Amino acid sequence: MSRLNNCLENKKYNGIPIWFMRQAGRYLPEFIEIRKKNQDFLKLCFNQDLSTQISLQPLKRFDLDAVILFSDILVIPFGLGQNVQFEKGFGPKLEKVNLEKIIKTDKKDFLNKVSPVYEIIKKIKKKININEKSIIGFVGAPWTLLLYMINQQSPKRNFEIEKIIKDQELVKNLLKKLEEIICLHIEKQIEAGATVIQIFDSWAGLLPKKELSRYCFEPNLNIVNFVKSKKTSVICFPKDIGKEYLEFYNIVKPSCLSIDYNIDPKWVVNNFNNLPIQGGLDPKILLTDKENIKKNVEKYLEVFKDYPYIFNLGHGVLPETKPETIRFIIEIVRNS
Ligand code: 1CP
């Protein structure tokens, strides 16, 4: 079994598994080249040959333990019939939510739009040795997807929680539909060959504490239980919820927690009962000099010595990162 799957299942394994969030992406010249010729981002996500190629690009260059499917969390709103576009220099733009249309979209309609994703996973599986590399499928968590769907753009640009959760009927219905479709999307990814599922709750940190249970813990729990029922390991990333990571762990009980860079790794080692942990290193560190990078990588390796740990970052690789820096970090981890 692959190093990553072994670690997730808390078995003895040989060395620390390593992969990077956004390992396929804009810091790689070979990705940028394909992207230039393919202006429509979602169309690229559904292009079977190109998306397979992009998913495998980082593994061609580097000694990584996993391939992550090249796709996006926003294929779910798209599959539900909400128009999504990615604009250069702006990010995602979504049309206004039409609840009636979304509710009317059934599983078959969704699969009609999104099924190329599963074909891409099948193609990836044919090109790698599944005993050595994990295939990571992924979804956005209900809250993070709901937020993009109602906000119609990144909350980085414009966000007020009151506006998002004002229409409780809409919120309740959307969450229910999202949970159902997220589970379907996971099921199909597993059937196609995904050996690990990661749930990105990238904007969990925008929730006030009193709303975490309803919008973050409960929906993640339902999805984690679904993934577990498919006998598949599941990594949760409820980004930026600080000390509430502990409450998340106690309620949701995923196979592994991915931590962001605001979390003190020592606190994690002392409080999470040997639960496999992933990530943590601030992606901005990768933009500094080698000495500083080495010092910070070694800090995580030291804290998580004798602990089930997956090396990764506290969020995605930044576009300004030099590919050589990724190689440098892998070398440090492999030689540790
Ligand atoms: O060339 C470009 O401009 C496209 C940039 C890009 C890429 C490479 C986007 C647009 N998505 C992706 C791929 C992607 N997205 C992957 C591929 C696999 C890999 O990790 O290598 C994954 C896992 C995602 C997941 C994703 N999309 C998340 C969750 C992870 C995170 O970063 O927090 C989120 C929030 C998105 C939405 C999204 N898609 C793209 C952008 C620029 C954004 C973020 C917009 C925002 O800031 O709100």
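Quick note on numbering: the sequence shown equals residues 0 to 335 in numbering that gives the first Met the number 0.
By construction, the Cβ of each residue, glycine as well, lies at the ideal position given by its N, Cα and C atoms.
No experiment lies behind these values; they were computed from the predicted model shown.
Residue j and residue i - do their beta-carbons sit closer together than 7 Å?
i       : j       : result
Cys-215 : Pro-237 : yes
Phe-310 : Ile-15  : yes
Val-251 : Asn-219 : yes
Pro-307 : Pro-264 : no
Leu-93  : Gln-151 : yes
Ile-262 : Ile-17  : no
Leu-173 : Leu-145 : yes
Ile-135 : Gln-197 : yes
Ile-181 : Val-226 : no
Lys-124 : Gly-192 : yes
Phe-61  : Ile-325 : yes
Gln-178 : Asn-224 : Just to set this straight, residue 178 is Glu in the shown sequence, not Gln. For Glu-178 and Asn-224, no; Cβs fall outside 7 Å.
Ser-53  : Phe-77  : One detail in the question is off: residue 53 reads as Ile in this sequence, not Ser. Contact: no.
Thr-320 : Tyr-12  : no
Ile-33  : Leu-49  : yes
Leu-79  : Thr-51  : no
Leu-300 : Asn-270 : no
Val-302 : Val-332 : no
Phe-45  : Pro-115 : yes
Thr-143 : Ser-201 : yes
Gly-313 : Asp-288 : no
Ala-65  : Leu-3   : yes
Tyr-117 : Lys-187 : yes
Gly-204 : Ser-153 : no
According to DSSP, what are the bridge partners of residue i?
i       : result
Val-195 : Ile-135 and Ser-232
Asp-105 : Note: Asp-105 sits in no beta bridge, so no partner.
Val-66  : Ile-134
Asp-200 : Pro-237
Ile-17  : Phe-310
Lys-92  : Gln-84 and Gln-152
Verify the contact flag: residue i, CB atom, against every heavy atom of the ligand 1CP, threshold strictly below 6 Å.
i       : result
Lys-125 : no
Ile-120 : no
Met-148 : no
Ile-72  : yes
Lys-155 : yes
Gly-192 : no
Met-20  : yes
Phe-137 : yes
Gly-90  : yes
Ser-133 : no
Ala-140 : no
Ile-67  : yes
Arg-60  : no
Ser-257 : no
Ala-23  : yes
Phe-199 : yes
Arg-34  : yes
Gly-78  : no
Gly-313 : no
Thinking residue i and residue j are a contact (beta carbons under 8 Å), I'd like their distance in whole angstroms, please.
i       : j       : result
Lys-176 : Ile-101 : 6 Å
Leu-41  : Val-83  : 6 Å
Lys-132 : Ser-232 : Lys-132 to Ser-232, Cβ: 14 Å. No contact.
Met-148 : Gln-81  : 6 Å
Leu-98  : Leu-183 : No, Leu-98 and Leu-183 are not in contact; Cβ-Cβ is about 19 Å, not under 8 Å.
Ser-257 : Ile-234 : 5 Å
Gly-279 : Tyr-260 : 6 Å
Ile-72  : Phe-199 : 6 Å
Lys-229 : Ile-189 : 5 Å
Val-316 : Gly-88  : The pair is not a contact, with the Cβ atoms about 19 Å apart (cut-off 8 Å).
Gln-47  : Lys-122 : 6 Å
| task | Taking only runs that begin and end inside the segment 255–335, name each unbroken alpha helix (DSSP H) of 4 or more residues, in chain order. | result | 264–270, 289–302 and 322–333
| query | In the segment 39–90, which residue ranges form an unbroken alpha helix (DSSP H) of at least 4 residues, counting only runs that do not cross its ends? | reply | 40–44, 47–60 and 74–78
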